[in-house]
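What follows is one structure encoded as structure tokens, with my remarks underneath.
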Amino acid sequence: MKCQKCNHPATFHITELTGAKPAERHLCEKHAREYLSDSSQHGQQAGNLASALSEGIPKQVSANKAAAELKELDQQTCPVCGISFCDFRSTGRLGCPNDYAYFNKQIDLLMQNIHNSREHVGKRPHRFTGSVQQPAASPQTLLIKLRRDLDEAVQYEDYERAALLRDKIKKLEREQTKAACENGGGTV
């Protein structure tokens, strides 16, 4: 997104809640400093970020806080597939359907920043009716979770649990193979 006053990238996104409708401003650092210093000169109370910018407090204070929050967020991992948020940020790909639910808050904020909206407003398939629902866990997702649990059970030398998980995995794989054969002989 570009600055509303020049062609530089907008690094500050300011939302003012002064009137009936929020006013959004997307500004580069230079224009954000000017805007915030003008706001504080006119007697308006500036928020923490505005105060920090207009008073000239080093950027490192807020950068250190943001880095600490990002580091904490990056350590979160999906309980099903084990992908971390850091892996998602670096590759741009999630590991399983459960990640959408597990990282929902972060993905929601990301979509808001990228698309400037949290709701889909484009075309939808003709057969689509109603609202989007949380999909049921697919057999593939269940297999991923079971295999991960199996690895964990073996690691902790819980062989009874490992045997039960192995049997569940084999049963699920047989069911998938049988379903694939009945549906035209495709591969699983």
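For the sequence shown, my numbering assigns the number 15 to the initial residue and increments by one for each residue that follows.
Cβ atoms here follow ideal geometry from the backbone N, Cα and C, with glycine treated the same way.
All values reported here derive from a predicted model rather than from experimental measurement.
| Check | Outcome |
| --- | --- |
| The stretch 79-98 contacting the stretch 157-167, beta-carbon criterion three pairs below 8 Å | yes |
| Nearest-angstrom Cα separation, counted from Ala167 out to Glu174 | 9 Å |
| Near the ligand HEM: Leu108 beta-carbon under 7 Å from a heavy atom | Of the ligands one can find in the structure shown there are none, so the ligand HEM has no counterpart to examine. |
| Option in Met125, Lys192, His40 with minimal Cα separation from Phe26 | His40 |
| Asp163 classed as buried or exposed, judged by whether at least 16 other C-beta atoms fall within 10 angstroms | buried |
| Pair within 8 Å by beta-carbon distance, Glu30 and Ala37 | yes |
| Classification of His129 by the beta-carbon crowding that lies within 10 angstroms, buried from 16 upward | exposed |
| Between the CA atoms of Gln154 and Asn62 - distance to the nearest angstrom | Annotation note: pLDDT 49 at Asn62 (below 50); position unreliable, coordinate value reported separately. In a straight line, the C-alpha of Asn62 is about 47 Å away from that of Gln154. |
| Where the alpha helix (DSSP H) containing Glu174 begins and where it ends | 173-196 |
| Contacts around Lys182, its chain only, beta-carbon distance under 8 Å, and the 5 residues preceding and following it disregarded | Leu160 |
| Beta-ladder partner(s) of Phe26, from DSSP | Leu41 |
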